[in-house]
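Visitor: Before we start, here is the structure in question, set down as structure tokens.
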Amino acid sequence: MENIGGVLVSGAGPVGLLTALGLAKAGIKVTLLDAAATINDSPRAAIYYPVVQDVLERYGLLADALEVGYQSTEFQFRAPSRETVIRISTTILDGMVAHPSNLHLGQHTLAELVLRHLRRYPNAEVRWNTSVVDLAQDPHGVTVQVDTTEGRRALRAQWLVGADGARSTVRKLLNLPFEGHTWPDRFVATNVRFDFGKYGYAPINQVSDPVNWAVVARLGQDNLWRCTFGEDADLDEAEVRNRIPARYAAILPSTDSYEIVSAAPYRVHERCAPKFRVGRVLLAGDAAHVCNPCGGLGLTTGLLDATMAADALYAVIAGEAGEDVLDYYSRERRRVYLEVTTPLASNFKRLLSEKDPHKRREDEAFYQLAADDIDVGRRTLLYTNAVAGNPLPARSVAA
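So for the sequence shown, this note's numbering puts the first residue at 9; every next one is plus one.
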């Protein structure tokens with residue numbers, strides 16, 4: 009058995025990487041494990057709200073992210089069937105938040121950026137091709153069995169963070185159910201080269217339609233866009249991919265040529281573990297909770313999990329707090345998911361695909377009010393701040 013000490017983090021997505029970076033910056037020994045050979049580059053989250061930019065700044069990541077990403081200050085609500093286009097500017101948040109804009113950056117690009125920073129710390133190690141297959145814990149530490157390219161081996165540390173995604177092995181090994189539901193439709197996330205800006209689209213667009221709804225967002229500094237839409241869950245993946253040109257014909261604003269760079273059909277869920285701590289193991293991000301991607305709240309919530317998990321573990325290891333701070337982490341981040349994340353994400357999904365004409369008119373009226381009334385607009389844009397939740401009680405947090 010290899011006694012590596014410190015904290016093991018399972019999962020090298022942005023949540024696991026940010027958790028590891030927070031611990032490394034605080035001087036804690038951290039070992040990051042991932043079953044893959046490298047960072048996953050499939051189409052995933054792409055927009056980072058002001059509250060996430062605060063986190064990136066705290067961790068010394070924001071300047072680098074701004075260099076490779078794209079900043080926007082306009083959001084649009086579109087209802088093509090009624091020729092409705094409503095514009096809301098984030099500049100109304102000037103003086104209220106540190107970063108009154110949205111940052112556009114592919115999730116894999118953010119992960120690569122965090123990884124570069126993590127590698128600067130001698131107390132941090134990343135092990136690829138390393139899958140957690142079993143775990144056991146006692147009052148003094150956690151022992152995990154991992155499969156590697158060289159066979160199975162045992163690793164022991166003081167603590168373990170499971171940030172290994174919606175199908176989390178760590179969560180399953182803790183025998184925790186994943187309570188909630190799966191939506192009856194399928195989402196299709198595509199990355200496409202098409203000049204949406206030529207047709208008046210903002211960098212972020214909610215396209216509301218009972219059938220051909222979509223979320224259209226610019227991904228970065230070049231003309232690559234994310235176009236996500238819904239499909240029939242009964243179709244197999246091959247048929248979903250075959251139908252993309254027909255769906256684009258209904259969604260895109262013109263018949264101009266386009267280039268599909270990548271496409272990923274997937275099922276979406278609203279699910280949550282009953283607790284995010286079991287002994288010396290914490291859960292964070294999609295391993296703890298998942299929501300549909302409308303509104304971009306899944307990764308937003310996960311990144312805020314990461315900062316609190318790192319802070320809580322630092323406080324315990326440094327002797328600044330008792331282990332009850334880990335229970336607080338579990339309760340508070342679960343509360344945020346149940347009271348903020350999943351209700352908002354579910355409402356965004358409803359708003360995009362609403363079929364009731366009366367409710368659709370109500371939705372349009374709300375967005376028009378948000379565009380016309382600065383106070384309503386500010387409250388609408390600041391909804392994402394609630395995913396930060398309440399801070400840890402009386403603790404020491406390393407800068």
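Backbone N, C-alpha and C define an ideal beta-carbon position, used for all residues, glycine too.
#1: For Ala44, I'd like the list of residues in its chain whose CB is within less than 8 Å of its CB, leaving aside the five on either flank, ordered along the chain.
#2: Quick test of the definition: if touching needs 3 or more C-beta pairs under 8 Å, does the stretch 71-78 touch the stretch 111-122?
#3: Compute the beta-carbon to beta-carbon distance between Cys299 and Leu360, rounded to the nearest angstrom, for a pair I have assumed lies under 8 Å.
#4: Would you be able to state if there are at least three C-beta pairs under 8 Å between the stretch 242-254 and the stretch 214-234?
#5: Once DSSP output is grouped into helix, strand and coil, what is the label at Arg275?
#6: Does the beta carbon of Val15 sit closer than 8 Å to a beta carbon anywhere in chain B?
#7: Which residue marks the beginning of the beta strand (DSSP E) containing Glu239, and which one marks its end?
#8: Could you please give the first and the last residue of the uninterrupted beta strand (DSSP E) stretch that includes Ala379?
#9: Terminal residues of the continuous beta strand (DSSP E) containing Arg161?
#10: Quick check on DSSP: helix, strand or coil for Asn131?
#11: In whole angstroms, what separates the C-alpha of Gly386 from that of Gly228?
#12: Whose C-alpha, out of Val150, Leu290, Pro130, is nearest the C-alpha of Thr315?
#13: Looking at the secondary structure, which residues open and close the beta strand (DSSP E) in which Glu187 lies?
#14: Do Pro51 and the ligand GTP come close, with the Cβ less than 7 Å from some heavy atom?
#15: Let me know the secondary structure DSSP gives Gln229 once reduced to three states.
#16: Ends of the alpha helix (DSSP H) at Tyr266?
#17: Taking C-beta to C-beta, are Thr99 and Thr117 nearer than 8 Å?
#18: Compare the Cα-Cα distances from Tyr391 to each of Tyr78, Ala258, Val23, Leu101 and report the closest residue.
#19: Leaving out five residues on either side along the sequence, give the residues of the same chain with a beta carbon under 6 Å from the beta carbon of Tyr56.
#20: Which residues does DSSP pair with Arg86 in a beta bridge?
#21: His125 and Leu191 - do their beta-carbons sit closer together than 8 Å?
#22: Are Val224 and Phe195 closer than 8 Å when you measure CB to CB?
#23: Give the C-beta separation of Val63 and Val169 to the nearest angstrom, bearing in mind that I take them to be a contact with Cβ-Cβ under 8 Å.
#24: Output the boundary residues of the alpha helix (DSSP H) element that contains Tyr391.
#25: Going residue by residue through the stretch 309-361, where are the continuous alpha helix (DSSP H) segments of at least 4 residues, counting only ones entirely within it?
#26: Which value, in whole angstroms, describes the spacing of the CA atoms of Leu41 and Ser139?
Guide: Once the coordinates are examined:
#1: Within the same chain, and ignoring the five residues on either side of Ala44 in sequence, the residues whose Cβ sits closer than 8 Å to its Cβ are Ala20, Trp136, Asn137.
#2: Contact between the stretch 71-78 and the stretch 111-122 is present, with at least three C-beta pairs closer than 8 Å.
#3: Not confirmed; about 14 Å, so no contact.
#4: No, the stretch 214-234 is not in contact with the stretch 242-254.
#5: Three-state DSSP puts Arg275 in a strand.
#6: No chain B is present in this structure, which holds just one protein chain.
#7: Per DSSP, Glu239 belongs to the beta strand (DSSP E) from 232-240.
#8: Segment 365-380 is the alpha helix (DSSP H) holding Ala379; no beta strand (DSSP E) there.
#9: Arg161: member of the beta strand (DSSP E) spanning 159-165, first to last residue.
#10: Here Asn131 carries a coil assignment [DSSP, helix/strand/coil].
#11: Gly is not the amino acid found at residue 386; the sequence shown has Arg there. The alpha-carbon atoms of Arg386 and Gly228 are separated by roughly 25 Å.
#12: When each option's Cα is compared against that of Thr315, the closest is Leu290.
#13: Per DSSP, the continuous beta strand (DSSP E) segment holding Glu187 begins and ends at 187-201.
#14: In the structure shown, the ligand GTP is absent, as is every other ligand, since no ligand is present at all.
#15: If DSSP states are grouped into helix, strand and coil, Gln229 belongs with coil.
#16: That residue, Tyr266, is in no alpha helix (DSSP H); it is neither H nor E in DSSP.
#17: In this structure, Thr117 does not lie closer than 8 Å to Thr99 by Cβ.
#18: Per the Cα distances, Leu101.
#19: Hits under 6 Å: Leu111.
#20: Answer is Val93, Val215, bridged to Arg86.
#21: The displayed chain sequence assigns Trp, not Leu, to residue 191. Judged by beta-carbon spacing, His125 lies beyond the 8 Å limit of Trp191, meaning their Cβ atoms are not closer than that value.
#22: In this structure, Val224 keeps its C-beta atom at 8 Å or more from the C-beta atom of Phe195.
#23: Contact between Val63 and Val169 does not hold, since their C-beta atoms are separated by about 17 Å, which reaches or exceeds 8 Å.
#24: Neither: Tyr391 is in no alpha helix (DSSP H) and is coded neither H nor E.
#25: Segments of the alpha helix (DSSP H) lying fully in the stretch 309-361: 332-344, 350-361.
#26: Distance between the alpha carbons of Leu41 and Ser139 is about 7 Å.
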